Structure formats: structure tokens, C-alpha cells
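Asks: Submitted below is the structure of interest, expressed as C-alpha cells.
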Amino acid sequence: EPCIMCAGAIVHARVRRLVFGAPDPKTGAAGSVFDIFASGKVNHIVDVRGGVMAGECGAVLS
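Heads up: the sequence shown begins at 2 in the working numbering, then just goes up one per residue.
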């Protein structure tokens, strides 16, 4: 899951779809701590899909 700075870069780059595996309970900005994509205060809509292969991704990160 992207942090707030990466999520902002995704919006500014006008990325259409974001797919991520593991949530980030400390700095996640796509739903875990804050959801910049659902805030309604950005000028671009990103289709976000999280939790794809969450177990495997979480194992790699830990």
C-alpha cells in the first residue's frame, strides 16, 4: 500500500489503476490510515484494488 507521498504522486501522474498486495497499518494512504483516493479532494479518480495476494506480499515484507 502506498504512503501519502506515493499516493499523491499516483494522483498527479494520473495513474488509472492501483493494485497492491499488503496493507500498511502504519503509513498506508489507500485505506489503512487514510484514503487519499476516496477523500473527494483530489482532481483525479484512481481505481484502487488492495489485498491482492495479501498473505504472500505480507510474508515478503516481514
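Yeah, the Cβ is synthetic: ideal placement off N, Cα and C, and Gly gets one too.
Given the structure is predicted, the values throughout are model-derived calculations rather than measurements.
Return the chain-ordered list of same chain residues with a C-beta closer than 7 Å to the C-beta of Val16, the five sequence neighbours on each side being excluded.
Replies: Correct list, in chain order: Val47.
Asks: Thinking Glu2 and Ser40 are a contact (beta carbons under 8 Å), I'd like their distance in whole angstroms, please.
Replies: Not confirmed; about 15 Å, so no contact.
Asks: Would the beta-carbon of Ala23 fall within 8 Å of that of Cys4?
Replies: Against a cut-off of 8 Å, the Cβ pair of Cys4 and Ala23 comes out as no contact.
Asks: How many whole angstroms separate the CB atoms of Val43 and Val12, which I take to be in contact at a CB cut-off of 8 Å?
Replies: Val43 to Val12, Cβ: 5 Å. Contact.
Asks: For the alpha helix (DSSP H) holding Val34, just list the boundary residues, first then last.
Replies: Per DSSP, Val34 belongs to no alpha helix (DSSP H) and is neither H nor E.
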